[in-house]
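Peer 1: I have a structure here, written as structure tokens, and I will follow up with some questions on it.
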């Protein structure tokens with residue numbers, strides 16, 4: 274009998290701002306830039322990619338390109354996404 278697996282979608286579990294905050298804080302504590310980009314992408318997916326891209330003044334294609342593995346998005350673009358996600362970066 275063949276085993277069936279359900280696809281795991283992290284964004285399905287990022288249902289509240291508190292969960293998103295905890296997830297992002299954990300990722301930031303690891304200090305991995307690729308993981309940080311992935312975290313922003315999953316958080317954006319949990320809120321709706323098109324909505325976040327529009328709020329960040331980025332077209333959908335540019336939005337997806339900046340989150341590809343090994344991409345080097347401009348800080349300005351990352352900052353736009355952070356703001357569109359209503360994330361407050363705080364030095365602690």
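Numbering (this note's numbering), first residue to last: 274 to 365.
Where a beta carbon is used, it is the ideal one built from N, C-alpha and C, also for glycine.
In the DSSP assignment, the alpha helix (DSSP H) including residue 357 goes from what residue to what residue?
Peer 2: For the purposes of this step, residue 357 is taken as the residue at position 84 of the chain shown. That run of the alpha helix (DSSP H) goes 348-357.
Peer 1: Please say whether residue 316 and residue 388 have beta carbons closer to each other than 8 Å?
Peer 2: The shown model of the chain, from 274 to 365, leaves out residue 388, and the question about it has no answer.
Peer 1: Given residue 308, which residues of its chain have a CB within under 8 Å of its CB, disregarding the five upstream and five downstream residues?
Peer 2: As a first step, residue 308 must be located in the chain shown, where it is residue number 35. If we look at residue 308 and ignore the five residues flanking it on each side, its Cβ neighbours are 300.
Peer 1: Look up residue 363 in the DSSP assignment and say whether it is helix, strand or coil.
Peer 2: By one-based count along the chain shown, residue 363 stands at place 90. Reduced to three states, the DSSP call for residue 363 is coil.
Peer 1: Do you know offhand how far residue 365's Cα is from residue 353's?
Peer 2: Taking the chain shown and counting its residues from 1, one reaches residue 365 at position 92. Taking the chain shown and counting its residues from 1, one reaches residue 353 at position 80. Distance between the alpha carbons of residue 365 and residue 353: 22 Å.
Peer 1: Can you round the beta-carbon distance between residue 319 and residue 284 to whole angstroms, since I take them to be within the 8 Å contact cut?
Peer 2: Taking the first residue of the chain shown as 1, we reach residue 319 at position 46. Taking the first residue of the chain shown as 1, we reach residue 284 at position 11. Right, the Cβ-Cβ distance comes to about 4 Å (below 8 Å), so this counts as a contact.
Peer 1: Applying the criterion that 16 or more other CB atoms from any shown protein chain within 10 Å of the CB defines a buried residue, is residue 358 buried or exposed?
Peer 2: For the purposes of this step, residue 358 is identified with residue 85 of the chain shown, where counting begins at 1. Per the 10 Å Cβ criterion, buried.
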